[in-house]
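I have placed the structure first, in the form of structure tokens, so that the comments after it can refer back to it.
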């Protein structure tokens with residue numbers, strides 16, 4: 333197992349922060365938030381368990397279906413946030429393959445929308461989510477491509493994984509917003 337250099341680590345953190353900033357800005361323009369998205373540590377930690385299997389599915393699709401390989405991470409985030417709110421004691425270790433649809437990874441998005449989030453695929457809300465995920469994935473892909481990272485390099489892999497981290501967190505945040513969770517600044521008196 334190789335380690336990454338301090339310079340690469342710093343670059344990747346900066347890159348992930350830029351991607352996050354740009355995608356949150358895009359989300360804010362469509363879903364009218366103040367740039368602060370709700371989150372859950374349980375949901376965020378779950379990505380560490382799911383990411384290796386997700387990457388195994390998504391990496392082979394990068395060249396032919398780059399936005400799909402990025403967007404589906406957002407759907408997984410939505411599903412995990414739903415599970416967290418519904419009954420975390422039951423769903424905290426849902427096997428990754430349960431996010432699959434009847435065609436496996438190919439219809440993961442539809443399975444999550446219809447069977448986990450319980451949204452009819454033809455509903456306006458499902459259509460809006462799909463459009464938002466597509467916009468976010470396209471923006472993330474544009475940012476990634478503008479980095480001019482050598483394709484199929486170690487740096488490209490790490491940068492791609494950082495994009496997926498952001499998409500997963502944004503999907504989870506979008507679902508938390510759908511369920512009524514909000515972030516508010518609280519001013520507590522000093523003791």
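In our numbering, the protein residues as written are 333 to 523.
Heads up, the beta-carbon is just placed ideally off N, CA and C, and yes, glycines get one too.
Keep in mind the model is a prediction, meaning the values are calculated, not measured.
Just checking my contact of residue i with residue j at CB under 8 angstroms: how many whole Å lie between their CB atoms?
i, j, result
"residue 441", "residue 490", "Rounded, the Cβ-Cβ distance is 25 angstroms, inconsistent with contact."
"residue 394", "residue 492", "7 angstroms"
Is the CB-CB distance between residue i and residue j below 8 angstroms?
i, j, result
"residue 498", "residue 472", "yes"
"residue 413", "residue 496", "no"
"residue 494", "residue 342", "no"
"residue 451", "residue 458", "yes"
"residue 276", "residue 428", "An answer regarding residue 276 cannot be provided, because it is not within the stretch 333 to 523 covered by the chain."
"residue 488", "residue 444", "no"
"residue 403", "residue 486", "no"
"residue 374", "residue 437", "no"
From residue i to residue j, what distance separates their C-alpha atoms?
i, j, result
"residue 456", "residue 362", "15 angstroms"
"residue 460", "residue 506", "12 angstroms"
"residue 333", "residue 372", "A caution first: residue 333 carries a pLDDT of 46, below 50, which makes its placement in the model unreliable, though a value can still be read off. Spanning the two alpha carbons is a distance of roughly 30 angstroms."
"residue 401", "residue 340", "23 angstroms"
"residue 416", "residue 448", "12 angstroms"
"residue 409", "residue 396", "23 angstroms"
"residue 419", "residue 462", "25 angstroms"
"residue 453", "residue 425", "26 angstroms"
"residue 434", "residue 383", "21 angstroms"
"residue 422", "residue 369", "25 angstroms"
"residue 345", "residue 338", "11 angstroms"
"residue 392", "residue 483", "13 angstroms"
"residue 430", "residue 379", "15 angstroms"
"residue 350", "residue 446", "32 angstroms"
"residue 359", "residue 508", "14 angstroms"
"residue 511", "residue 376", "17 angstroms"
"residue 399", "residue 439", "14 angstroms"
"residue 381", "residue 464", "25 angstroms"
Taking DSSP's pairing of strands, which residues face residue i in a bridge?
i, result
"residue 436", "433"
Using a Cβ-Cβ cut-off of 8 angstroms, state whether residue i counts as contacting chain C.
i, result
"residue 358", "Going by chain labels, chain C is absent from the structure shown, which holds only one protein chain."
* To do: May I ask you to verify whether the stretch 345-361 touches the stretch 455-475, counting CB pairs closer than 8 angstroms and requiring at least 3?
  => yes
* Asked: How do the stretch 500-507 and the stretch 475-482 stand: do at least 3 beta-carbon pairs fall below 8 angstroms, yes or no?
  -> No contact exists between the stretch 500-507 and the stretch 475-482.
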